[in-house]
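Down below is the structure, laid out as structure tokens.
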Amino acid sequence: MKIESRLSNKICPEGMSIEDWQVALRREHAEQADFSVEHLDDNRIWGDYLVSSGSGRYRTAFRGVRSDRNFCSCLDFRTNGLGTCKHLEAVALYLQEHVEGYPWAGMTYNPPYSSIYVSYKGGRSIRMRLGDQFTMEYLQLYKKYFTEEGILPPENYHLLSEICEQARAISNTFRCYEDVEEFVREYIREETWRLELRNSFPEGMIPWDRVEYSAKDRYMEELLYQLCYRHCSLMVGAKSPNFAHLVARLVEEVYQGVEQIHQGYVVLDNEAEVSLWRSIMSLYQEFAQLPIRILTSSEFAALPLVDHPATTFVYVDNADRLKEWKNNVSVTIKKMHIEHLFMRIDTLRKLTPVQLSSILQHISPFVIGPFYKFIHKYRPVFPLLDDGSNMPEEALKYITLCTEVVAQSIRIPQTDMDATTRDVKNMTSQEKADLFVQSLLSVLEDPDACQILKERLSSL
């Protein structure tokens with residue numbers, strides 16, 4: 001029989017630390033839930049367990065009460081920084097019933113093999129544990145690459161393969177867990193991307209016309225660099241066709257820098273917007289040659305996806321929908337492995353801390369740190385202002401203010417205007433429509449041409 005909840009899941013009880021409160025909530029959940037716990041090995045206490053319920057099955061590694069070497073395959077464990085979750089608490093409850101002496105303070109788990117693992121307690125870090133075998137040999141490796149606390153510093157991440165090769169040469173029992181390699185790959189990919197951008201554009205700008213800088217395009221050139229450098233971002237600015245121009249150039253620059261080219265998507269609200277954006281983006285010749293689909297949100301949500309396909313680029317023009325994790329667009333994003341995700345929202349003012357956190361976690365569940373800490377710390381400063389003056393520090397590098405985009409006079413790069421010399425008779429209907437929009441935009445940017453157009457139209 002399930003008992004009534006004793007703790008508020010919104011307000012931290014007086015006299016209790018935030019971390020203790022969150023651990024207690026997870027333990028309470030484990031007490032109330034109908035979990036099935038299966039011990040997968042022969043160790044009396046420590047070892048691997050399978051925790052099952054009606055909603056799923058999770059593999060856990062129990063190394064001690066609140067141990068930084070514990071692990072669970074659930075997302076909450078990897079992001080909460082507590083070193084526990086409801087599944088690990090379920091294992092602890094199971095052991096209390098079957099093994100006397102909880103929390104078994106006099107007992108430690110130290111298998112004979114040495115290993116490199118990700119500690120999720122207090123935030124992600126890569127650590128090394130020395131086993132009972134070949135301890136002196138592994139200690140030399142430890143001292144060479146790791147800090148005194150046993151942490152691999154980020155500047156040594158690129159040496160992981162070398163470290164593992166040396167470790168396996170000592171003993172084939174050495175282990176480096178899969179999430180270590182995943183973490184390092186992610187870090188190196190992002191750092192390499194930023195380094196190449198800094199080297200290619202030391203001025204902190206990307207030429208709008210891809211050739212040379214222009215004072216008229218300064219805002220867009222700086223913004224384009226900032227977005228590329230961040231590689232994923234929530235963009236804040238009012239809905240405008242100008243974002244179609246910005247995203248077209250952003251796509252061109254992103255695909256120019258990636259090692260492998262995969263499918264990309266631009267997600268819009270309706271067919272009218274899809275038609276408008278296609279007309280505008282077709283003006284950019286490099287964009288037109290890339291594997292980018294411009295489609296409605298309903299079409300995006302209906303994509304037949306299997307095994308988290310690699311996706312180079314996704315832009316969602318209405319990110320407000322992503323505050324609801326069960327939204328179809330949100331669900332589809334979470335089924336993809338996206339390198340570069342950009343989302344636009346009209347304003348930050350209407351978002352609660354929970355909603356902003358939900359949107360940003362589409363970039364990565366680690367971007368703002370533990371969810372509960374973010375909510376507890378920043379609830380008093382909301383609503384956020386669109387000038388960034390009260391922006392939470394954790395969100396600064398993931399939110400890009402694009403409020404001036406709508407006011408820009410967009411110049412189509414001249415190198416893309418060569419299509420106007422083509423024989424119109426040989427164009428497809430789509431190409432003719434695109435050429436008309438391209439020419440019309442060029443006329444609207446020229447006051448004299450606008451006046452001539454008005455005179456021509458009035459004479460018809």
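Under the numbering used here, the residue at position 40 of the sequence shown is numbered 40, and the numbers go up by one with no gaps. Each residue gets a CB set at the ideal place from its N, CA and C atoms; glycine is no exception.
To the nearest whole angstrom, what separates the beta carbons of residue i and residue j, a pair I think is in contact under 8 Å?
| i | j | result |
| --- | --- | --- |
| A248 | Y284 | 4 Å |
| V314 | I338 | 5 Å |
| T311 | Q263 | 6 Å |
| V65 | P103 | 4 Å |
| V251 | V329 | In fact, because the Cβ distance is near 19 Å, the residues do not count as touching under 8 Å. |
| R344 | F243 | 6 Å |
| R194 | Y229 | 6 Å |
| K143 | R411 | K143 to R411, Cβ: 58 Å. No contact. |
Output needed for residue i: all residues of its chain with C-beta closer than 7 Å, excluding positions within five of it in sequence on either side, in chain order.
| i | result |
| --- | --- |
| H376 | C12 and I18 |
| Y157 | V184, Y187 and I188 |
| R59 | D48, L50 and S73 |
| M16 | none |
| W325 | S358 |
| T352 | F382 |
| C85 | R26, C72, C74, D76 and F77 |
| E271 | T296 |
| Q166 | L141 |
| S214 | W208 |
| N9 | L25 |
| D448 | none |
Excluding the five sequence neighbours on either side, which residues of its own chain have a C-beta within less than 6 Å of the C-beta of residue i, listed in chain order?
| i | result |
| --- | --- |
| P383 | R349 |
| L88 | T60, N70 and C72 |
| G257 | none |
| S171 | F134 |
| I452 | none |
| R456 | none |
For the alpha helix (DSSP H) containing residue i, list its first residue and its last residue.
| i | result |
| --- | --- |
| H29 | I18 to Q32 |
| A145 | Residue identity check: residue 145 is Tyr in the sequence provided, not Ala. Where Y145 is concerned, the enclosing alpha helix (DSSP H) stretches over T135 to Y145. |
| E191 | E178 to S200 |
| A167 | L160 to I170 |
| F371 | F371 to Y378 |
| T79 | L75 to N80 |
| I452 | P447 to S458 |
| K86 | K86 to H98 |
| A244 | N242 to G257 |
| S357 | P353 to L360 |
| A288 | Q285 to A288 |
Can you name the residues that DSSP bridges to residue i?
| i | result |
| --- | --- |
| M343 | L234 and V316 |
| R293 | Y265 |
| H39 | Y49 |
| M128 | I116 |
| H337 | A310 |
| F71 | A61 |
| I412 | According to DSSP, which records beta bridges pairwise, I412 is partnered with nothing at all. |
| R175 | S115 |
| I151 | R127 |
Starting from residue i, trace the beta strand (DSSP E) both ways and give me its first and last residue.
| i | result |
| --- | --- |
| D48 | G47 to S53 |
| G56 | G56 to F62 |
| L276 | Not the beta strand (DSSP E): L276 falls in the alpha helix (DSSP H), residues E271 to M281. |
| L401 | I399 to L401 |
If you check the beta carbons only, do residue i and residue j fall under 7 Å apart?
| i | j | result |
| --- | --- | --- |
| S114 | Y145 | no |
| F77 | A61 | no |
| H231 | H308 | no |
| L356 | V367 | no |
| I292 | W277 | no |
| L290 | Y255 | yes |
| M205 | E190 | no |
| V37 | V91 | yes |
| S279 | A288 | no |
| Y109 | R63 | yes |
| L234 | I399 | yes |
| G150 | R127 | yes |
| T347 | D386 | yes |
| L93 | A33 | no |
| T403 | G237 | yes |
| D42 | K121 | no |
| T332 | F371 | no |
| V354 | S240 | no |
| G369 | E393 | no |
| G123 | G54 | no |
Which same chain residues end up closer than 8 Å to residue i when comparing Cβ atoms and leaving out the 5 residues on each side of it in sequence?
| i | result |
| --- | --- |
| H7 | Sequence inspection shows Leu at residue 7; the His mentioned does not correspond to that position. Hits under 8 Å: P13, W21, A24, L25 and E28. |
| D269 | T296, S297, D317 and N318 |
| C450 | V443 and L444 |
| P57 | The sequence shown places Arg at residue 57, not Pro. If we look at R57 and ignore the five residues flanking it on each side, its Cβ neighbours are L50 and V51. |
| N327 | R321 |
| P365 | L75, R78 and T79 |
| Q408 | Y219, M220 and N242 |
Can you confirm whether residue i, when its beta carbon is compared against all beta carbons of chain D, has any partner nearer than 7 Å?
| i | result |
| --- | --- |
| F300 | You won't find chain D in this structure, because it holds only one protein chain. |
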